[in-house]
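Structure first, then comments.
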Amino acid sequence: MSTGNQHMSCTGYDVPFHVLQQLAVRAGIEVVGVTTADVFHDVVPQLQRYYAEGRQTGFEHPYSQQRVDPVANLPSAKSIVAIAVPYRIEETMRLRRPKGLRGSVSMYAFGHDYHRVLKKKLQSLVLLLTEYVGREIDYQMGVDTSPLVDRAVAVRAGLGWIGKNGMLITKAYGSWVFLGSLLTDLLIEPQSTVEQLDSCGTCTLCITACPTGALVDPYILDGQRCISYLTQSKGIIPEEYREPIGKRLWGCDVCQNVCPKNNVTLLGSDSSFAPVADLSFPELLHILSLSRRAFMREFGHTATAWRGYYVWRRNAIMALGNLRAKEAIWQLVPFLTDPREEIRAMTAWALSRIAPEIVREIVAKAYSMESDPYVKSEMQWACDDHTSL
Numbered sequence: 001m002s003t004g005n006q007h008m009s010c011t012g013y014d015v016p017f018h019v020l021q022q023l024a025v026r027a028g029i030e031v032v033g034v035t036t037a038d039v040f041h042d043v044v045p046q047l048q049r050y051y052a053e054g055r056q057t058g059f060e061h062p063y064s065q066q067r068v069d070p071v072a073n074l075p076s077a078k079s080i081v082a083i084a085v086p087y088r089i090e091e092t093m094r095l096r097r098p099k100g101l102r103g104s105v106s107m108y109a110f111g112h113d114y115h116r117v118l119k120k121k122l123q124s125l126v127l128l129l130t131e132y133v134g135r136e137i138d139y140q141m142g143v144d145t146s147p148l149v150d151r152a153v154a155v156r157a158g159l160g161w162i163g164k165n166g167m168l169i170t171k172a173y174g175s176w177v178f179l180g181s182l183l184t185d186l187l188i189e190p191q192s193t194v195e196q197l198d199s200c201g202t203c204t205l206c207i208t209a210c211p212t213g214a215l216v217d218p219y220i221l222d223g224q225r226c227i228s229y230l231t232q233s234k235g236i237i238p239e240e241y242r243e244p245i246g247k248r249l250w251g252c253d254v255c256q257n258v259c260p261k262n263n264v265t266l267l268g269s270d271s272s273f274a275p276v277a278d279l280s281f282p283e284l285l286h287i288l289s290l291s292r293r294a295f296m297r298e299f300g301h302t303a304t305a306w307r308g309y310y311v312w313r314r315n316a317i318m319a320l321g322n323l324r325a326k327e328a329i330w331q332l333v334p335f336l337t338d339p340r341e342e343i344r345a346m347t348a349w350a351l352s353r354i355a356p357e358i359v360r361e362i363v364a365k366a367y368s369m370e371s372d373p374y375v376k377s378e379m380q381w382a383c384d385d386h387t388s389l
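Position 341 of the sequence shown, counting from 1, maps to 341 under the UniProt record's numbering, and the rest follow consecutively.
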């Protein structure tokens, strides 16, 4: 096999693009592109506005040079390899919602944690590149972990374009893809992998369909109003968002489901993303019955476990309230005295929607013992006819 220097003398690059494509296929990567390690100057104004307007969720990196400059992350960087791996597979399309009191989970979290899956693919690609050039390479992998803006990297590498919902849209798989990146000291031939795609045109389906109005303008997302963020956030969910969240336990697919660009027939093939009905549409009462250890045993391999069990418990209680599930009353009542404020608050709210006439006295008693002012306000409804409390 030739060395990196010999490749360089023939093509001007350590790795020609067609070779990268072949190696990517061997690593189980469907879509790959390359861009240079130049600064993302065009992203700077967008990021500055995003942070200045306070639309950040806290999940992303703070603003710094690392967000726009690859070399600030890896001083030896010459190229960025961007990958997209589709997660909508045949088994996903066959999945049906089982009967019963069940919540829902965003499609991206149906199977195994994509962070682990994509990192394994990127690591395989690193080994193949190392073998090809005949030397150890300097690199840095990113799967939602790099300070660089993943979607900006993907666009510049030619993987797709950004829709009005802020999602990267690929020609072959729509927006049903996971993104990853590989900063490397290799000089790899830059080349787009897809032809220029159509824009959204006049379509605003995603904007009008968003349950919380989080898409405040085309391409502008208020992350703090996004249901995907809200279901992953900790603490008490603001009341204005509880009903729109519905029975969602984790994430939201509305802006992707309504997008015409997602009417694609090509599916992925990685069985790592195969769904399991009881994990994709979890039984709400079962969620409430789980211990933290049991939750991790059942859900720990998915992308939904990283925020911990109590976020799920809170969301399950909220879903039961939205479903007005009377069969859940007596399983909910004990949570009025839960150690966590968000659990007590959400339980009081859920019971007010399910059967206020049945549990009024119970909630009023909890109110009389409650010390947290915000939680007391959530229980206040039970004291309307109990002025002595």
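Ideal placement from N, C-alpha and C gives every residue a C-beta, glycine not left out. These numbers were taken from a predicted model, which means no experiment stands behind them.
Indicate the three-state DSSP secondary structure (helix, strand or coil) for serine 181 in the structure shown.
Position 181 of the sequence shown, counted from the start, is the residue given in the question as residue 181. Note: serine 181 maps to strand in three-state DSSP.
So which of Glu357, Met107, Val85 and Gln123 has the shortest CA-CA distance to leucine 95?
On the sequence shown, position 95 is the one that residue 95 refers to. Minimum Cα distance to leucine 95 is reached at Met107.
I'd like the span of the alpha helix (DSSP H) that includes proline 373, first residue to last.
As a working mapping, residue 373 is identified with position 373 in the sequence shown. Looking at the DSSP string, the run of the alpha helix (DSSP H) that includes proline 373 is 373-379.
Looking only at its chain, what residues have a beta carbon closer than 6 Å to the beta carbon of leucine 122, apart from the 5 residues adjacent to it on each side?
The residue given as residue 122 occupies position 122 in the sequence shown. Result list for leucine 122: Met141, Gly180 and Leu182, in chain order.
Among Gln66, Pro62, Tyr63 and Ile83, which one has its Cα closest to the Cα of alanine 27?
Translated into the one-based positions of the sequence shown, residue 27 becomes position 27. Measuring from the Cα of alanine 27, the nearest candidate turns out to be Ile83.
Just the C-alpha distance for alanine 316 and leucine 101, rounded to the nearest angstrom, thanks.
The residue given as residue 316 occupies position 316 in the sequence shown. The residue given as residue 101 occupies position 101 in the sequence shown. If you take the alpha carbons of alanine 316 and leucine 101, they lie about 10 Å apart.
Check whether the Cβ atoms of proline 98 and alanine 382 lie closer than 8 Å to each other.
Locating residue 98 in the sequence shown gives position 98, where the first residue counts as 1. Locating residue 382 in the sequence shown gives position 382, where the first residue counts as 1. No, Cβ-Cβ distance for proline 98 and alanine 382 is not below 8 Å.
Take the Cβ of lysine 234 as the centre, count every other Cβ of all protein chains shown within 10 Å, and call the residue buried at 16 or more, exposed below.
Within the sequence shown, residue 234 is the residue found at index 234, counting from 1. That one is exposed.
Terminal residues of the continuous beta strand (DSSP E) containing tryptophan 250?
As a first step, residue 250 must be located in the sequence shown, where it is residue number 250. It spans 248-250 - the beta strand (DSSP E) in which tryptophan 250 sits, taken as one unbroken run.
In three-state terms, what does DSSP make of residue 474?
Because the chain spans 1 through 389 in this model, residue 474 falls outside it and cannot be assessed.
For the beta strand (DSSP E) that contains valine 216, what are its first and last residues?
Locating residue 216 in the sequence shown gives position 216, where the first residue counts as 1. Run containing valine 216: 215-217, per the beta strand (DSSP E) assignment.
Quick one: measure Cβ to Cβ for arginine 324 and isoleucine 358, integer angstroms, because I've assumed they're closer than 8 Å.
As a working note, residue 324 is residue 324 in the sequence shown. As a working note, residue 358 is residue 358 in the sequence shown. No, arginine 324 and isoleucine 358 are not in contact; Cβ-Cβ is about 12 Å, not under 8 Å.
Assuming phenylalanine 178 and valine 81 make a contact with CB atoms under 8 Å, what is their CB distance in whole Å?
Taking the sequence shown and counting its residues from 1, one reaches residue 178 at position 178. Taking the sequence shown and counting its residues from 1, one reaches residue 81 at position 81. 15 Å between Cβ atoms; not a contact.
Less than 7 Å between C-beta atoms, sequence neighbours within five positions excluded: which residues of the same chain meet that for methionine 379?
Along the sequence shown, read from residue 1 onward, the residue named residue 379 stands at position 379. Same-chain partners within the cutoff: Ala348, Val363, Ala366, Tyr367 and Glu370.
So what's glycine 54 in DSSP terms, helix, strand or just coil?
As a working note, residue 54 is residue 54 in the sequence shown. Three-state result, glycine 54: coil.
Distance, Cα to Cα, isoleucine 245 vs cysteine 255?
The sequence position of residue 245 within the sequence shown is 245, counting from 1. The sequence position of residue 255 within the sequence shown is 255, counting from 1. Cα to Cα, the separation comes out at about 14 Å.
Quick one: what does DSSP say tryptophan 161 is sitting in, helix, strand or coil?
Translated into positions along the sequence shown, residue 161 becomes position 161. Strand, per DSSP.
Which of the three DSSP states, helix, strand or coil, is assigned to arginine 102?
For the purposes of this step, residue 102 is taken as the residue at position 102 of the sequence shown. Strand at arginine 102.
From serine 76 to valine 32, what does the alpha carbon distance come to, in whole angstroms?
Counting from one through the sequence shown, the residue named residue 76 turns up at place 76. Counting from one through the sequence shown, the residue named residue 32 turns up at place 32. One C-alpha to the other measures close to 21 Å.
Along the chain, where does the alpha helix (DSSP H) containing valine 311 start, and where does it finish?
Walking along the sequence shown from the start, residue 311 turns up at place 311. Element bounds for valine 311: 309-323.
Leucine 128 by DSSP, collapsed to three states: which one?
Indexing the sequence shown from 1 puts residue 128 at position 128. Leucine 128 falls in the helix class under three-state DSSP.
For phenylalanine 17, which of helix, strand or coil comes out of DSSP?
Locating residue 17 in the sequence shown gives position 17, counting from the first residue. Helix, per DSSP.
For histidine 112, collect the residues of the same chain with a Cβ closer than 6 Å to its Cβ; drop the 5 residues on either side in sequence, then sort them by chain order.
Your numbering for residue 112 matches position 112 in the sequence shown. So the qualifying residues of the chain are Ser272 and His301.
Mind the definition here: the segment 145-163 touches the segment 37-46 only if three or more C-beta pairs lie below 8 Å; say whether that holds.
Enough Cβ pairs lie closer than 8 Å, so yes.
Could you name the residues of the same chain whose beta carbon sits closer than 6 Å to that of glutamate 195, not counting the 5 residues immediately before and after it, in chain order?
Your numbering for residue 195 matches position 195 in the sequence shown. Because the pLDDT of glutamate 195 is 47, which lies under 50, any placement of that residue in the model is unreliable, and the number read from its coordinates should be weighed accordingly. Once the five neighbours on either side are set aside, glutamate 195 has no close Cβ partner at all.
How would you write the range of the beta strand (DSSP E) that valine 39 sits in, first residue to last?
For the purposes of this step, residue 39 is taken as the residue at position 39 of the sequence shown. Careful: valine 39 lies outside any beta strand (DSSP E) and carries neither H nor E.
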